[in-house]
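Notes follow once the structure below has been shown.
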Ligand code: ADE
């Protein structure tokens, strides 16, 4: 995947994503990151890219022209249309299904705003999708772009060491992850659950599913509601009775 990021603070995105798993994905050529500084397209002799808002008000607005020229530069390099995602609190809230949707694209362009915003005319001209990473306001879109790129990159085959790990984890099946333990078997008087040491894979799998279901029931009942139809379909009668409460075991009549 190639991620192009239009930003006034390229180092913020580069330093974050050149670290850890995304950094390794870049070293291995599975992920390309091209941060393009909107300021490089300023036509102002002082390299300014923002101006006062028409109609008054606090703060500065990023002008349409440098953003548009930055986009045209990237578009020419890519050679075909692709999604242009503006990071903004007004966007649809980012979720795992949206990450999957984005992961089918070979190229993605991200537009990070700063200050009071970007001139609406260039947004109308180039943006195909608005994404928010949550109901709060950041100082700019850079951290949000990093979140989205990080999440999408781990869906690229080969980015995670083991291809199974992306699908076994939280949100992939609307269940939270089961707890994990490593050596030593006892730490500060706390023991690893006996069953994990038993070597019986069937019982371990069953215990983990039970833990996932009870954690999800406890912390994210909304997620469990979404998971229930799939669980009712896929579990044996014995496990349905063992792992689900009676009221979770029957389809709701609405
Ligand atoms: N820019 C500022 N706040 C944001 C948010 N919550 N999500 C995405 N981009 C943003």
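In the numbering used here, the protein residues as written are 422 to 675.
C-beta: ideal position from N, C-alpha, C; glycine also.
Measuring from the CB of residue i, is there a heavy atom of ligand 1 at a distance below 7 angstroms?
{"i": "residue 510", "result": "yes"}
{"i": "residue 441", "result": "no"}
{"i": "residue 553", "result": "yes"}
{"i": "residue 557", "result": "yes"}
{"i": "residue 565", "result": "yes"}
{"i": "residue 561", "result": "yes"}
In the structure shown, what three-state DSSP assignment does residue i receive?
{"i": "residue 492", "result": "helix"}
{"i": "residue 603", "result": "coil"}
{"i": "residue 433", "result": "helix"}
{"i": "residue 466", "result": "coil"}
{"i": "residue 428", "result": "strand"}
{"i": "residue 622", "result": "helix"}
{"i": "residue 410", "result": "The displayed coordinates of the chain run from 422 to 675. Any statement about residue 410 would go beyond what the structure contains."}
{"i": "residue 483", "result": "strand"}
{"i": "residue 379", "result": "Lying outside 422 to 675, the shown extent of the chain, residue 379 is not represented and no answer is given."}
{"i": "residue 472", "result": "strand"}
{"i": "residue 451", "result": "coil"}
{"i": "residue 575", "result": "coil"}
Determine the burial state of residue i: buried for a count of at least 16 other Cβ atoms within 10 Å of its Cβ, exposed for fewer.
{"i": "residue 509", "result": "buried"}
{"i": "residue 610", "result": "exposed"}
{"i": "residue 553", "result": "buried"}
{"i": "residue 638", "result": "buried"}
{"i": "residue 456", "result": "buried"}
{"i": "residue 439", "result": "exposed"}
{"i": "residue 425", "result": "buried"}
{"i": "residue 562", "result": "buried"}
{"i": "residue 652", "result": "buried"}
{"i": "residue 565", "result": "buried"}
{"i": "residue 595", "result": "buried"}
{"i": "residue 525", "result": "exposed"}
{"i": "residue 618", "result": "exposed"}
{"i": "residue 540", "result": "buried"}
{"i": "residue 572", "result": "buried"}
{"i": "residue 549", "result": "exposed"}
{"i": "residue 633", "result": "buried"}
{"i": "residue 535", "result": "buried"}
{"i": "residue 615", "result": "exposed"}
Is residue i near ligand 2, judged by its Cβ being under 7 angstroms from some heavy atom?
{"i": "residue 568", "result": "Among the ligands present in this structure, namely ligand 1, ligand 2 is not found."}
### Message
Quick test of the definition: if touching needs 3 or more C-beta pairs under 8 angstroms, does the segment 518-531 touch the segment 476-491?
### Response
no
### Task
Report the residue ranges of all beta strand (DSSP E) runs contained in full by the segment 487-572; include only those spanning at least 3 residues, in chain order.
505-514, 528-533, 550-553
### Message
Could you check whether the segment 566-585 touches the segment 437-446, counting it as contact only if at least three pairs of C-beta atoms, one from each stretch, sit closer than 8 angstroms?
### Response
Three or more beta-carbon pairs drawn from the segment 566-585 and the segment 437-446 are found closer than 8 angstroms, and the two stretches are therefore classed as touching.
#### Entry: Three or more C-beta pairs below 8 angstroms linking the segment 557-564 and the segment 458-472
No, they do not touch.
### Task
Let me know the alpha helix (DSSP H) ranges lying completely inside the segment 624-652, each 4 residues or longer, listed in chain order.
none
### Query
Is the segment 494-513 close to the segment 430-437, with three or more CB pairs under 8 angstroms?
Three or more Cβ pairs closer than 8 angstroms define a contact, and the segment 494-513 falls short of that threshold against the segment 430-437.
### Task
Spell out a yes or no on whether the segment 621-639 and the segment 595-604 are touching, meaning 3 or more CB-CB pairs, one atom from each, closer than 8 angstroms.
Yes, they touch.
#### Entry: Given 8 angstroms, three or more beta-carbon pairs between the segment 513-520 and the segment 472-484
no
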